[in-house]
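Enquirer: Residue numbers (the working numbering): 418 to 687. C-beta atoms are modelled at their ideal positions from N, C-alpha and C, and glycine is treated no differently. Quick one: the structure is below, and I'll ask about it shortly.
What follows is the structure, given as structure tokens:
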């Protein structure tokens with residue numbers, strides 16, 4: 418939809434589809450991310466959540482990012498931002514005062530524009546959240562264990578008490594990480610942000626994937642990579658050794674891939 422222009426449309430599947438088409442037209446392959454993605458897997462919209470944080474149980478309130486988010490290749494972040502700006506999405510004027518850029522609970526995006534005062538279109542660099550996922554292009558090459566369409570019939574349909582489910586239109590270009598790869602990414606993000614202010618955020622999301630998506634046709638833990646699977650199974654069973662397994666995986670992540678797990682988000686102030 419090369420002629421799409423944002424003029425206050427409501428955030429729904431149709432708008433998300435239009436954004437995805439807009440990015441495709443700009444030559445940017447993109448994967449859905451964030452809260453909107455969770456609801457497609459079947460997780461209900463979340464505001465308050467109780468979860469584990471570090472080594473104790475605590476009550477926290479997570480303000481999940483409001484709006485819609487996409488993961489894009491690092492080199493195309495600015496291309497994505499420019500395409501969205503030209504299409505009429507609102508440039509943030511609050512700079513460092515914008516709560517979408519300064520939240521201490523939710524990792525901020527690399528770039529964002531506004532739908533309105535409350536809702537944003539956020540962009541995350543692939544290297545920040547999905548670094549282990551193979552590089553992806555505009556055109557998928559056959560069936561993939563890593564990426565699927567948001568309209569795939571394997572995904573749940575909308576149901577009471579769950580998320581919005583899959584997109585109804587089989588022609589929607591919106592693509593998402595498979596639930597398996599998404600859970601692996603959450604575990605790796607937990608490793609990277611262990612002991613930081615974002616650890617509880619990733620744990621909360623993973624806990625909800627366990628509660629609402631585990632055991633469905635789109636998430637079979639036996640297909641996870643070994644280290645992630647061991648931690649996932651320990652978390653699922655409430656095994657007290659789960660943090661030992663997480664620290665072991667974290668060490669492996671640091672040494673095997675030379676990734677600095679203490680890395681913090683270096684989001685640009687828009």
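Considering only C-alpha positions, which residue in the set 570, 662 and 488 is nearest to residue 587?
Expert: On the chain shown, residue 587 is found 170 positions in, with the first residue counted as 1. Closest option to residue 587, Cα to Cα, is 570.
Enquirer: Give the list of continuous alpha helix (DSSP H) stretches no shorter than 4 residues that lie fully inside the region 624-658.
Expert: Runs of the alpha helix (DSSP H) inside the region 624-658: 643-654.
Enquirer: Residue ranges of each beta strand (DSSP E) run of no fewer than 3 residues wholly in the region 425-466, ordered along the chain?
Expert: 448-450, all fully within the region 425-466.
Enquirer: Taking 8 Å as the cut-off, does the region 492-503 touch the region 554-563 (at least 3 CB pairs, one atom from each stretch)?
Expert: The region 554-563 is not in contact with the region 492-503.
Enquirer: Quick one: give me the first and last residue of the beta strand (DSSP E) that residue 566 is part of.
Expert: As a working note, residue 566 is residue 149 in the chain shown. Residue 566 -> beta strand (DSSP E) spans 564-566.
Enquirer: Work out the CA separation of residue 559 and residue 481 for me, nearest whole Å.
Expert: Start at 1 with the first residue of the chain shown, and residue 481 comes out as number 64. Start at 1 with the first residue of the chain shown, and residue 559 comes out as number 142. Note that residue 481 scores 48 on pLDDT, short of 50, meaning its location in the model is unreliable; the coordinates nonetheless yield the value given after this. One C-alpha to the other measures close to 33 Å.
Enquirer: For residue 617, is the classification buried or exposed, using 16 other Cβ atoms within 10 angstroms of its Cβ as the cut-off for buried?
Expert: By one-based count along the chain shown, residue 617 stands at place 200. Label assigned to residue 617: buried.
Enquirer: Taking the beta carbon of residue 543 as the centre, do at least 16 other beta carbons fall within 10 Å, making it buried, or is it exposed?
Expert: By one-based count along the chain shown, residue 543 stands at place 126. When all chains shown are included, residue 543 counts as buried.
Enquirer: Report yes if the CB atom of residue 454 is closer than 8 Å to the CB atom of residue 625, and no otherwise.
Expert: Translated into the one-based positions of the chain shown, residue 454 becomes position 37. Translated into the one-based positions of the chain shown, residue 625 becomes position 208. Against a cut-off of 8 Å, the Cβ pair of residue 625 and residue 454 comes out as no contact.
Enquirer: Helix, strand or coil: how does DSSP classify residue 358 here?
Expert: Outside the displayed range of the chain (418 to 687) lies residue 358, so it cannot be described from this structure.
Enquirer: Per DSSP, which residues does residue 508 bridge with? Please list them.
Expert: Taking the chain shown and counting its residues from 1, one reaches residue 508 at position 91. Partner(s): 530.
Enquirer: Would you check if the distance between the CB atom of residue 573 and the CB atom of residue 582 is smaller than 8 Å?
Expert: Counting from one through the chain shown, the residue named residue 573 turns up at place 156. Counting from one through the chain shown, the residue named residue 582 turns up at place 165. Yes; because the gap between Cβ atoms is below 8 Å, this pair is in contact.
Enquirer: Cutting at 7 Å between CB atoms, please list the residues of its own chain near residue 727, excluding the five before and the five after it.
Expert: In the structure displayed, the chain extends from 418 to 687; residue 727 sits before or after that span and is not available.
Enquirer: By the DSSP assignment, the alpha helix (DSSP H) with residue 503 in it spans what residues?
Expert: Within the chain shown, residue 503 is the residue found at index 86, counting from 1. That run of the alpha helix (DSSP H) goes 494-503.
Enquirer: Where do the ends of the beta strand (DSSP E) carrying residue 556 lie?
Expert: Numbered from 1 along the chain shown, position 139 holds the residue referred to as residue 556. It is not in any beta strand (DSSP E) - residue 556 carries neither H nor E in the DSSP assignment.
Enquirer: With 16 as the cutoff for other CB atoms within 10 Å, does residue 537 come out buried or exposed?
Expert: Residue 537 sits at position 120 when you count from the first residue of the chain shown. By the neighbour-count rule (16 or more Cβ atoms within 10 Å), residue 537 is buried.
Enquirer: What are the partner residues of residue 485, as DSSP defines its beta bridges?
Expert: Taking the first residue of the chain shown as 1, we reach residue 485 at position 68. 538.
Enquirer: Does residue 575 get closer than 8 Å to chain D when you measure Cβ to Cβ?
Expert: Absent from the structure: chain D. Only one protein chain is present.
Enquirer: May I have the straight-line CA-CA distance separating residue 467 from residue 630, to the nearest angstrom?
Expert: Mapped onto the chain shown, residue 467 falls at position 50. Mapped onto the chain shown, residue 630 falls at position 213. Per-residue confidence for residue 467 stands at a pLDDT of 42, beneath the threshold of 50, marking its modelled position as unreliable; no derived number is given.
Enquirer: Just tell me which of 489, 462 and 461 has its CA closest to the CA of residue 592.
Expert: Position 175 of the chain shown, counted from the start, is the residue given in the question as residue 592. Checking every option, the nearest Cα to that of residue 592 belongs to 489.
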